[in-house]
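Quick note: the sequence shown uses numbering that gives the first Met the number 0, first residue 0, plus one each step.
Okay, so here's the structure we're looking at.
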Amino acid sequence: MGDFESLGIGGKFLRALNDVGYRQPTPIQSQAIPHLLEGRDLLGVAQTGTGKTAAFAVPALQRLDDENSPARSRHPRALILAPTRELALQISDELSTLGRYARLRHAVVFGGVGQNPQVRALVKGVDVLVATPGRLLDLAAQGHVDLSAVSILVLDEADRLLDMGFIRDVKRIIAQTPERRQSLLFSATMPKEVTMLAREILYDPIRVDVSPEHVTLKEIDQRVVIVGNSDKRRVLERLLRDDTVSRAIVFTRTKHGANRLTRQLQASGIGAEAIHGNKSQSARLRALENFQSGDAWVLVATDIAARGIDFHAVSHVFNYELPHEPESYVHRIGRTGRAGATGVAWSLVDPSERKRLRAVEKLIRFSPTEVTVQLPPRDSTESGGSESRREGRRTSSARDMSGESVRSRGSGRRAHASGRSQGDQKTRGRRRVRRRSGQSAV
Ligand code: AMP
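Below is the structure:
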């Protein structure tokens, strides 16, 4: 595979990569970087977590740095389009880190906040601009930014840009860039619309496919509980309270469902935050910050909201409901088991969802292990008062998963009855106390 130097990366970027501890290129980096340094277009089938940001950022920064021209006011030379503010900010952070020894300037613009600081950053001079489409078009229409000097264009998470209805905006933006440019398109999935867009904007691209079907699934211990909808929340709470769960994302199908479940988990003393498209930008950011800092250790999310967000150390993913599209299952569980770490993905499946489960199994060519979780009697956890809730928590913590009987099915792996290591055992008491006081459990 080789190291970054053998891919053609030079001194100041090697130093920055070394600073952040990226010693070995990830597969997308080793496959993409040499071609990108040569100026080739690229179609990358990859989701967040594969190292795709550095795969496009390092060669782009190096090429711009080689040009050795000062940043021009309002005239970025590279443009990175991202569907959400969160992703734009993550890309911007990565640019700061990887470009720390280069004299290049970057700015990030997105909607939902005042535009003046963004305008000031553009006026000061910008080499790389990271942007969400709507705000970028607004700023361009007002003359605050001019895209005629863009020589590198990156569309990140193209499928999501299209899902979110940005196709016309994206095309209007691309029309403002020069025809002669290097273009990169990254997408986790390749629906027809993305393939068509790729055909329109890429010239003789190299194709790099590191889709999670090939990369992460084998790292993840997948388990299924068949449980009626009316018992799902209690099963979820029981599984969440297992001490092996340090940080979890719970997927629901609807925004409404995410809100309701979050309220219920919070009422049971579980540090949970919801994130979905109906939340204001500031509420979403706050939820993510709480999750990242560990103040909330459970994030309840819808598919759209969670894609593109990269969290380290997500130990568990829960499918509270199976998604409509089997592909979404793969994206969801790809939130755990990152960068070689093992993760656990649970799916809570109502008998009416069996058809969806079969569709998932067909896609992943694998049957997750089916597990039965025994619940404590209803009244010990359900009866309203805080005393009984505390009692309920102690009960389930003490029992953990010992009431779980494990039954393998098909080619699925055997689940560990509790999955708890000795080290985990040691920290159990401490973590339980921290969770109770609402602090970080990570
Ligand atoms: P991305 O797919 O760009 O969101 O990257 C996922 C995570 O992997 C980021 O948080 C990076 O910090 C990390 N990462 C990217 N490249 C490497 C690498 N070569 N070695 C180790 N970690 C990396």
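Cβ coordinates follow ideal geometry from the N, Cα and C atoms, glycine included.
Would you check if the distance between the CB atom of residue i and the CB atom of residue j is smaller than 8 angstroms?
| i | j | result |
| --- | --- | --- |
| residue 299 | residue 260 | yes |
| residue 75 | residue 125 | yes |
| residue 200 | residue 236 | no |
| residue 83 | residue 131 | yes |
| residue 330 | residue 46 | yes |
| residue 219 | residue 153 | no |
| residue 171 | residue 196 | no |
| residue 234 | residue 223 | no |
| residue 87 | residue 129 | yes |
| residue 105 | residue 121 | no |
| residue 334 | residue 248 | yes |
| residue 52 | residue 8 | no |
| residue 31 | residue 207 | yes |
| residue 164 | residue 133 | no |
Just the C-alpha distance for residue i and residue j, rounded to the nearest angstrom, thanks.
| i | j | result |
| --- | --- | --- |
| residue 273 | residue 356 | 25 angstroms |
| residue 282 | residue 65 | 40 angstroms |
| residue 318 | residue 325 | 12 angstroms |
| residue 192 | residue 373 | 45 angstroms |
| residue 251 | residue 60 | 38 angstroms |
| residue 156 | residue 287 | 19 angstroms |
| residue 231 | residue 187 | 29 angstroms |
| residue 427 | residue 245 | Note that residue 427 scores a pLDDT of 31, beneath 50, so its modelled location is shaky and nothing firm can be said. |
| residue 352 | residue 182 | 41 angstroms |
| residue 227 | residue 377 | 14 angstroms |
| residue 81 | residue 36 | 22 angstroms |
| residue 387 | residue 267 | Caution is warranted here: a pLDDT of 31 is assigned to residue 387, below 50, making its placement in the model unreliable, and no coordinate value can be reported. |
| residue 364 | residue 112 | 45 angstroms |
Closer than 7 angstroms: is that where the CB of residue i sits relative to any heavy atom of the ligand AMP?
| i | result |
| --- | --- |
| residue 23 | yes |
| residue 188 | no |
| residue 83 | no |
| residue 335 | no |
| residue 30 | no |
| residue 261 | no |
| residue 191 | no |
| residue 59 | no |
| residue 110 | no |
Terminal residues of the continuous alpha helix (DSSP H) containing residue i?
| i | result |
| --- | --- |
| residue 318 | Per DSSP, residue 318 belongs to no alpha helix (DSSP H); it is in the beta strand (DSSP E), 315-318. |
| residue 134 | 132-140 |
| residue 346 | Taken as a continuous stretch (DSSP letters only), residue 346 belongs to no alpha helix (DSSP H), being part of the beta strand (DSSP E) at 342-348. |
| residue 300 | Element bounds for residue 300: not the alpha helix (DSSP H) but the beta strand (DSSP E), 297-300. |
| residue 15 | 10-19 |
Output the boundary residues of the beta strand (DSSP E) element that contains residue i.
| i | result |
| --- | --- |
| residue 225 | 219-225 |
| residue 181 | 181-186 |
| residue 371 | 368-371 |
| residue 274 | 271-274 |
Exercise. Can you list, in chain order, the stretches of the beta strand (DSSP E) that have 3 or more residues and sit fully within the segment 62-124?
Worked result: Every beta strand (DSSP E) of 3 residues or more that sits fully in the segment 62-124 is shown, in chain order, as 77-80, 105-108.
Exercise. Unbroken beta strand (DSSP E) runs of length 3 or more, entirely within the segment 24-57: which are they?
Worked result: For the segment 24-57, whole beta strand (DSSP E) runs of length 3 or above, ordered along the chain, are 41-44.
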